[in-house]
Amino acid sequence: MQVMKWIALLPLALIVACSTSGPLSSDRRTVAPIRTIPVDEEAWPKFNWAAFDQDKVISYGDFQYSAYWDVDKILVVTRRDLRDHSVETLRLEKHFLTINPDDRHRNIVLGISPGDGRLHLSWDHHANDLRYTKSRAGLLTDPPASLSPEDFESAQPLTADAPQRVTYPRFLNDNNGRLFMMYRSGGSGNGRTVVAQYDSAKGTWTVSSGYLFGSEGTYVPWDSSESRNAYLNEVLFDRNNRMHVSWTYRETGASWASNHDLHYAYSDDNGRSWKNNDGQQIADLAKNDAIVLDDPGIVVREIPVYSWLMNNCAMVLDSRNQPHLVHYQLPGTYRPKKLAHNPPDEVRAQLKFFHHWREPDGSWRSSGPLELPAGMTITRPDLVVSAKDDVIITWASNRGFRSLVASARKKWKDWELVSLTGPEYTSNNACKHDRWLLRDRGIYSFTADPNGLKEGSSGYAILDFDLTKLTSVLR
């Protein structure tokens, strides 16, 4: 394990890491979208994006699907025809924000089951009962001329006894297209992760008898905390159907100062049992043996509390089936006199992106902190790799969408900053890409708010980029 060295820096009581990427003085390089597709001029202004949107926009066949909250807080499904880029929207009047419409946890996620051609939706959660529905069979594989509310079933449980108190639902597919769902049951200081698998032949779900993550264990650096939650990045299957998961623990919901360490595990049996970075089995869900804090070999980067390490960031797999991760944190630590949920603005301005990756021999490497021009803000990022394993980090800054790009041939040390849009396009959280369209057509597509210059207003749009143009900025 590679451990960073730390030294004190006053007056902010920060502790700074010993290595850095070198400053990027400007974002003079520009790669414009190959197309922008307006969807809705007025959407719900509080939120329509979240870091756990593992698949917020999905392409299948000739169509691209997404979902958002409109200005009336109604769930809207979108379908874009990839042949002419026309967009159809369908308001599902029965599904709307019901509890706290200002709570940014309550986003919409979607998934697909190619085996029966269904679109799956889940929405409006923060420690409440699961909200879920699916389309009729064949909606994706034999698409109608236009969408109709009758194409979607009524809201329904996954199973009669599926755990509740749901937050952070996500759908994911293995390399054969089989659909899985994961979500947190519980709270930010005591969450447990539920895993479910969909049977497209029967149209039913099976929920694992045990949890993927438990909250148990004693963490001495945070007042000997005895309960916590694992906050996940993407959960992904590689080409060999190995399932990869990475996470950080949060000891209390009161502050993300309690986030600590980068963790990693993998499964070769669809998430039933799990191994640590060294290949040692650490969990078996069928035996109610969850991954817990004290399991050996799960910490792959030691990051102390008060680093203000952001949870729910990004992971992607390269052509070697190895994970790359990006998150942001302070290069050191800052401990306030009085604990608050967020750090003060002058400390928050010093947060930096860090990039970590796993080599085939199981060792982990890092690049960062990644320096940006003065005054440029960061938000939770999206992360992709090219066919050559070049890495692209994308986020919504106060100046518009930006990407950091680095090449595999230089071991991801040659970072270039690229301007994608002006400040008219923005987001209040991570804009996760359409991984299906990227895989099949090389188009880097994600959704964004086109009303960045209109105070108090939010819209919904799709941006497409040519990934080869993004990576062409590398020397």
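Residues -21 to -1, 1 to 454 in mature numbering (1 follows the signal peptide of the UniProt record, and there is no 0) are what the sequence shown lists, from first letter to last. Glycine is no exception: its CB is placed at the ideal position from the N, C-alpha and C atoms. Please read these numbers as outputs of a predicted model, since none were measured by experiment.
N-terminal and C-terminal residue of the alpha helix (DSSP H) that residue 420 is part of: Numbered from 1 along the sequence shown, position 441 holds the residue referred to as residue 420. Unbroken alpha helix (DSSP H) run through residue 420: 414 to 420.
Query raised in the report: What are the boundary residues of the alpha helix (DSSP H) that includes residue 327?
Result: Mapped onto the sequence shown, residue 327 falls at position 348. Element bounds for residue 327: 324 to 327.
Is residue 237 helix, strand or coil when you go by DSSP? On the sequence shown, position 258 is the one that residue 237 refers to. The answer is helix: DSSP assigns residue 237 an H, G or I state.
Checklist line | Residue nearest to residue 275 in terms of C-alpha spacing, selected from 120, 142, 112 and 254 | finding: Within the sequence shown, numbered from 1, the residue matching residue 275 stands at position 296. Ranking the options by Cα distance to residue 275, first place goes to 254.
Beta-carbon within less than 7 Å of residue 118's beta-carbon, same chain only, minus the 5 sequence neighbours each way: which residues are those? Your numbering for residue 118 matches position 139 in the sequence shown. These residues qualify, in order along the chain: 96, 97, 98 and 130.
Residues in the same chain with beta-carbon distance under 6 Å from residue 243, minus the five sequence neighbours each way, listed in chain order, please.
As a position in the sequence shown, residue 243 is number 264, starting the count at 1. For residue 243, where only same-chain residues beyond five positions count, the Cβ hits under 6 Å are 225, 256 and 279.
- Query: Can you list, in chain order, the residues of its chain whose CB lies under 7 Å from that of residue 285, leaving out five sequence neighbours each side?
  - Reply: Locating residue 285 in the sequence shown gives position 306, where the first residue counts as 1. Closer than 7 Å at Cβ, skipping near neighbours: 236, 312, 313 and 314.
Verify whether the separation of the beta carbon atoms of residue 238 and residue 290 is less than 8 Å. Walking along the sequence shown from the start, residue 238 turns up at place 259. Walking along the sequence shown from the start, residue 290 turns up at place 311. Cβ distance < 8 Å, so residue 238 and residue 290 count as in contact.
In DSSP terms, what residue 199 is bridged to = Within the sequence shown, the letter at position 220 stands for residue 199. The partner list for residue 199 (beta bridge, DSSP) is empty, contrary to what the question assumes.
What residues in its chain sit with their C-beta under 6 Å from that of residue 47, if we drop five residues either side in the sequence? As a working note, residue 47 is residue 68 in the sequence shown. Cβ neighbours of residue 47 beyond the five flanking positions: 22, 27, 55 and 439.
DSSP state of residue 142, grouped into three classes? Here residue 142 refers to the residue found at position 163 of the sequence shown. If DSSP states are grouped into helix, strand and coil, residue 142 belongs with coil.
- Message: Which complete beta strand (DSSP E) runs does the region 208 to 283 hold, if anything under 3 residues is left out?
- Response: 208 to 211, 222 to 229, 238 to 246, 252 to 254, 260 to 263 and 278 to 280
Where does residue 419 land, buried or exposed, given buried means 16+ other C-beta within 10 angstroms? If you number the sequence shown from 1, residue 419 lands on position 440. Per the 10 Å Cβ criterion, exposed.
For a minimum of 4 consecutive residues, which ranges assigned as the alpha helix (DSSP H) are wholly contained in the region 322 to 405? 324 to 327
Host alpha helix (DSSP H) of residue 448 (start-end): As a first step, residue 448 must be located in the sequence shown, where it is residue number 469. Note, residue 448: alpha helix (DSSP H), 446 to 450.
Taking the alpha carbon of residue 52 as the point to measure from, which residue in 436, 250, 76 and 383 has its own alpha carbon closest?
Locating residue 52 in the sequence shown gives position 73, where the first residue counts as 1. When each option's Cα is compared against that of residue 52, the closest is 76.
- prompt: Which residues bound the beta strand (DSSP E) around residue 19?
  reply: If you number the sequence shown from 1, residue 19 lands on position 40. Note, residue 19: beta strand (DSSP E), 14 to 19.
So residue 72 is in the beta strand (DSSP E); what residue range does that whole segment cover?
Here the question's residue 72 lines up with position 93 in the sequence shown. Looking at the DSSP string, the run of the beta strand (DSSP E) that includes residue 72 is 66 to 75.
Which two residues bound the contiguous beta strand (DSSP E) that contains residue 536? Past the edges of the chain, shown from -21 to 454, lies residue 536, and the structure says nothing about it.
Thinking C-beta only, is residue 245 closer than 8 Å to residue 227?
By 1-based counting over the sequence shown, the position of residue 227 is 248. By 1-based counting over the sequence shown, the position of residue 245 is 266. Cβ distance not < 8 Å, so residue 227 and residue 245 don't count as in contact.
### Query
With residue 57 and residue 18 assumed to form a contact (beta carbons below 8 Å), what rounded beta-carbon distance in angstroms separates them?
Along the sequence shown, one-based indexing puts residue 57 at 78. Along the sequence shown, one-based indexing puts residue 18 at 39. So it is a contact: roughly 6 Å between Cβ atoms.
inquiry  = From the DSSP secondary-structure annotation, give me the bridge partner or partners of residue 464.
reply    = This structure does not reach residue 464, given that the chain is present from -21 up to 454, and the question cannot be answered.
Point to revise | Assigned exposure category for residue 41 - 16 Cβ within 10 Å defines buried | key: Looking up residue 41 in the sequence shown gives position 62. With fewer than 16 other Cβ atoms within 10 Å, it is exposed.
Worksheet item: Going by beta carbon distance, what residues of the same chain come within less than 6 Å of residue 195, once the five residues before and after it are set aside?
Response: Against the sequence shown, residue 195 aligns to sequence position 216. Closer than 6 Å at Cβ, skipping near neighbours: 271.
- Query: Tell me which same chain residues have a C-beta within less than 6 Å of the C-beta of residue 375, skipping the five on either side of it?
  - Reply: To locate residue 375, count along the sequence shown from 1; it is residue 396. 358, 405 and 406.
Handout entry: Close beta carbons around residue 446, own chain, < 8 Å, minus the five adjacent residues each side
Key = On the sequence shown, residue 446 is found 467 positions in, with the first residue counted as 1. Result list for residue 446: 363, 365, 371, 417, 421, 422 and 423, in chain order.
Can residue 402 and residue 431 be called in contact, C-beta distance under 8 Å?
As a working mapping, residue 402 is identified with position 423 in the sequence shown. As a working mapping, residue 431 is identified with position 452 in the sequence shown. Yes, they are a contact pair.
*Per DSSP, residue 308 forms a beta bridge with which residues?*
Numbered from its first residue, the sequence shown carries residue 308 at position 329. DSSP, once it has assigned bridges, lists 331 as partnering residue 308.
N- and C-terminal bounds of the beta strand (DSSP E) containing residue 491:
No information on residue 491 is available, as it lies outside the stretch -21 to 454 that the chain covers here.
Practice problem: Ignore the nearest five residues each way along the sequence and tell me which others in residue 14's own chain have a CB closer than 7 Å to its CB. | Solution: One-based indexing of the sequence shown puts residue 14 at position 35. Same-chain partners within the cutoff: 64 and 443.
Quick one, which of 202, 247 and 343 has its alpha-carbon nearest residue 467's? The structure shown has nothing for residue 467, since the chain only spans -21 to 454.
* Opposing strand residues paired with residue 303 [DSSP bridges] -> What you label residue 303 is simply residue 324 of the sequence shown in a count that begins at 1. 295 and 336.
By Cβ distance, which residues of its chain are closer than 6 Å to residue 441, with the 5 residues on each side in sequence left out?
Taking the sequence shown and counting its residues from 1, the one referred to as residue 441 is at position 462. Excluding positions up to five away in sequence, the list reads 16 and 426.
Quiz item: With burial defined as no fewer than 16 other Cβ atoms inside 10 Å of the residue's Cβ, what is the status of residue 146: buried or exposed?
Solution: Within the sequence shown, numbered from 1, the residue matching residue 146 stands at position 167. With 16 or more other Cβ atoms within 10 Å, it is buried.
*For residue 148, which of helix, strand or coil comes out of DSSP?*
On the sequence shown, residue 148 is found 169 positions in, with the first residue counted as 1. In the structure shown, residue 148 sits in a strand (DSSP, three-state: E or B).
Beta strand (DSSP E) segment containing residue 58, residue limits: Position 79 of the sequence shown, counting from 1, holds the residue named residue 58. Here the beta strand (DSSP E) through residue 58 covers 53 to 60.
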